[in-house]
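Numbering (my numbering), first residue to last: 42 to 554.
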């Protein structure tokens with residue numbers, strides 16, 4: 042019987058969650074659901090110097106917003122609690138000490154000055170890498186070069202120390218990545234990484250290996266930036282005796298700048314005026330506010346659809362997916378190796394598609410609120426009609442009120458080019474005839490009735506309707522193009538429609554014969 046799939050998303054609470062982190066969480070979630078497995082959330086907060094208040098809560102809220110459901114972990118609970126690494130210190134210390142006792146790790150007492158001097162010597166000697174490794178450790182202050190009595194004395198005296206991995210000098214380290222295939226690294230390229238810091242907390246390298254093992258993680262799906270560390274993690278699994286249960290690795294492609302050259306950064310987002318975080322973030326130290334997809338008007342479904350296709354596609358022409366469809370289609374083997382260009386215009390296109398699908402009455406309260414905030418008198422009924430008229434023309438719900446400017450405001454100016462081309466004798470006769478037909482109108486002022494009235498008026502006046510429609514729109518809105526004109530008149534109402542027609546007749550100059 043195969044082992045049930047268990048994946049984890051393990052962010053650090055060092056600030057707002059990057060949109061690339063949301064994509065990593067999404068791919069983990071899609072894979073887990075596709076395989077009938079579970080997704081775990083772990084908070085990797087061992088770097089206390091970089092801890093930012095509010096960041097953990099932000100992460101939880103961001104995952105909820107995009108619809109990623111956590112089965113176990115922080116905020117949910119489960120059998121492997123606690124799920125904050127800062128609360129699991131004793132577990133890591135025990136495993137680090139075991140590695141020391143088995144000769145697979147060692148104590149290092151080097152001061153910052155000694156480490157700087159070592160790096161300087163190596164740089165002056167043109168060494169290929171200025172690092173603490175299987176060669177340089179023999180000239181440093183550690184338990185490999187010191188007698189046991191001296192080591193104990195220094196520990197008893199409270200001298201600060203770290204625990205480093207004792208990397209083998211001449212070994213080939215291999216792993217088979219689910220996206221990139223076989224990765225081979227010689228151990229001489231791997232330095233003796235710190236596993237346990239002087240404050241007693243582990244580094245990422247030790248903590249994530251220990252936790253992934255104890256929490257039964259079967260697949261580690263994470264960003265490409267961790268690929269260089271993967272051989273080190275393979276070594277740790279071997280040293281800890283857990284090689285047989287080592288999870289499979291999958292390293293996701295980078296998110297690239299909109300131009301495609303280099304990794305996407307906050308600076309790129311700031312320069313481009315687009316968000317790079319799922320939710321708005323206010324820096325607790327500086328008060329600086331960073332844009333969020335949610336606050337910018339992106340729907341969570343559109344955001345998920347956009348992110349899912351940044352580095353993966355199902356091999357078909359389909360672009361719009363519900364979460365269930367993404368789960369059914371997702372295949373980790375179809376994730377690309379190459380970086381994915383962050384095209385914000387594509388994100389806007391997705392949002393446009395999803396805005397069109399939202400029920401009118403769902404968007405109406407937001408539009409009503411925004412209209413009233415802009416100083417317009419707007420009932421919920423009117424807002425609902427405006428949504429129906431305009432949601433297919435916008436990328437964001439907030440643009441509906443802007444697009445509705447010609448509904449809320451009677452024209453004060455008229456497009457000069459349209460006036461010159463279309464405001465002629467027929468236009469004046471048509472507008473006059475339509476106004477006269479509306480004056481006695483006493484039925485329900487709805488689009489179909491308005492259309493029927495206009496058609497009859499033009500027929501009686503002997504005017505071809507197609508030739509005067511742009512002039513009619515000019516009279517009502519001041520422009521030559523826009524949404525359905527019958528629905529526009531229904532929304533503004535009979536009295537306003539008549540008033541606008543009369544204003545156009547009195548304002549626009551009579552055409553020259």
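Note that the Cβ used here is the ideal one computed from N, Cα and C, for glycine as well. Model, not experiment: these values are computed from the prediction.
Any idea what DSSP makes of residue 353, helix, strand or coil?
strand
Rounded separation between residue 466 and residue 314 - CA only
48 Å
Have a look at 442, 426 and 406 and flag the residue whose alpha-carbon is nearest the alpha-carbon of residue 416.
442
Helix, strand or coil for residue 341? Go by DSSP, reduced to three states.
helix
In angstroms with no decimal places, state the Cα-to-Cα distance between residue 43 and residue 99.
Distance between the alpha carbons of residue 43 and residue 99 is about 36 Å.
Roughly how many angstroms separate the alpha carbons of residue 361 and residue 346, rounded to a whole number?
7 Å
Kindly list the residues whose CB is nearer than 6 Å to the CB of residue 517, restricted to its own chain and excluding five residues on each side of it in sequence; keep chain order.
541
Where residue 316 and residue 331 are concerned, what is the direct C-alpha to C-alpha distance, given to the nearest angstrom?
8 Å
For the segment 439-505, list the alpha helix (DSSP H) runs that are entirely contained and at least 4 residues long, ordered along the chain.
440-444, 446-449, 457-463, 466-479 and 488-502
When the Cα of residue 480 is compared with those of 175, 536, 409 and 105, which residue comes out closest?
536
Based on DSSP bridge pairs, tell me the residues matched to residue 289.
Its beta-bridge partners are 260.
Can you grab the Cα-Cα spacing for the pair residue 472 / residue 305, in whole Å?
55 Å
Would you call residue 359 buried or exposed, if buried means 16 or more other Cβ atoms sit within 10 Å of its Cβ?
exposed
Per DSSP, what kind of secondary structure is residue 278 in: helix, strand or coil?
helix
Express the C-alpha separation of residue 131 and residue 118 in angstroms, rounding to a whole number.
20 Å
Would you report the Cα separation of residue 260 and residue 386, rounded to the nearest angstrom?
Distance between the alpha carbons of residue 260 and residue 386: 33 Å.
Length at least 4, wholly inside the segment 107-155: the alpha helix (DSSP H) runs in chain order
130-142
Quick check: the segment 228-237 against the segment 102-122, are there 3 or more CB pairs under 8 Å?
no
Using a 10 Å radius around the Cβ and a threshold of 16 neighbouring Cβ atoms, would you call residue 450 buried or exposed?
exposed
Answer with buried or exposed for residue 425, where buried requires no fewer than 16 other C-beta atoms within 10 angstroms of its C-beta.
buried
Contact check, residue 428 vs residue 412 under 8 Å by CB: the rounded distance?
Not confirmed; about 11 Å, so no contact.
Using only the alpha-carbon positions, how far apart do residue 74 and residue 128 sit?
29 Å
Just tell me which of 69, 323 and 55 has its CA closest to the CA of residue 85.
It is 55.
So, under 8 Å CB-CB, residue 51 and residue 83 are touching, yes? Tell me the CB distance rounded to an integer number of Å.
The pair is a contact, with the Cβ atoms about 4 Å apart (cut-off 8 Å).
Can you list, in chain order, the residues of its chain whose CB lies under 8 Å from that of residue 554, leaving out five sequence neighbours each side?
Its pLDDT being 43, under 50, residue 554 is placed unreliably by the model, and nothing is read from it.
Which residue marks the beginning of the alpha helix (DSSP H) containing residue 393, and which one marks its end?
385-398
As a quick exercise: from 161, 183, 167 and 383, pick the residue whose alpha carbon is nearest that of residue 141.
183
If you reduce the DSSP assignment to three classes, tell me which class residue 553 lands in.
Low confidence applies to residue 553: its pLDDT is 48, below 50, so where it sits in the model is not reliable, and the reading given next is rough at best. Looking at residue 553 - three-state DSSP - the assignment turns out to be coil, as it is neither helix nor strand.
I'd like to confirm the pairing. Which residues does DSSP put opposite residue 437 in its beta bridges?
DSSP, once it has assigned bridges, lists no residue as partnering residue 437.
Can you tell me which of the three DSSP states residue 535 falls into?
helix
Can you give the beta carbon distance from residue 205 to residue 163, rounded, assuming they're within the 8 Å contact cut?
That belief does not hold up - the Cβ atoms of residue 205 and residue 163 are roughly 17 Å apart, past 8 Å.
Give the range of the beta strand (DSSP E) segment to which residue 218 is assigned.
Unbroken beta strand (DSSP E) run through residue 218: 213-218.
Just to confirm before moving on: does the CB-CB distance between residue 177 and residue 276 stay below 8 Å?
no
Compute the Euclidean distance between the alpha carbons of residue 325 and residue 58, then round it to the nearest angstrom.
Pairing residue 325 with residue 58, the inter-Cα distance amounts to about 15 Å.
Cutting at 8 Å between CB atoms, please list the residues of its own chain near residue 247, excluding the five before and the five after it.
Take residue 247, set aside five residues on each side of it, and the residues of its chain with a beta-carbon closer than 8 Å to its own are 133, 136, 137, 236, 237 and 277, in chain order.
Proximity below 8 Å, CB of residue 78 to CB of residue 47:
yes
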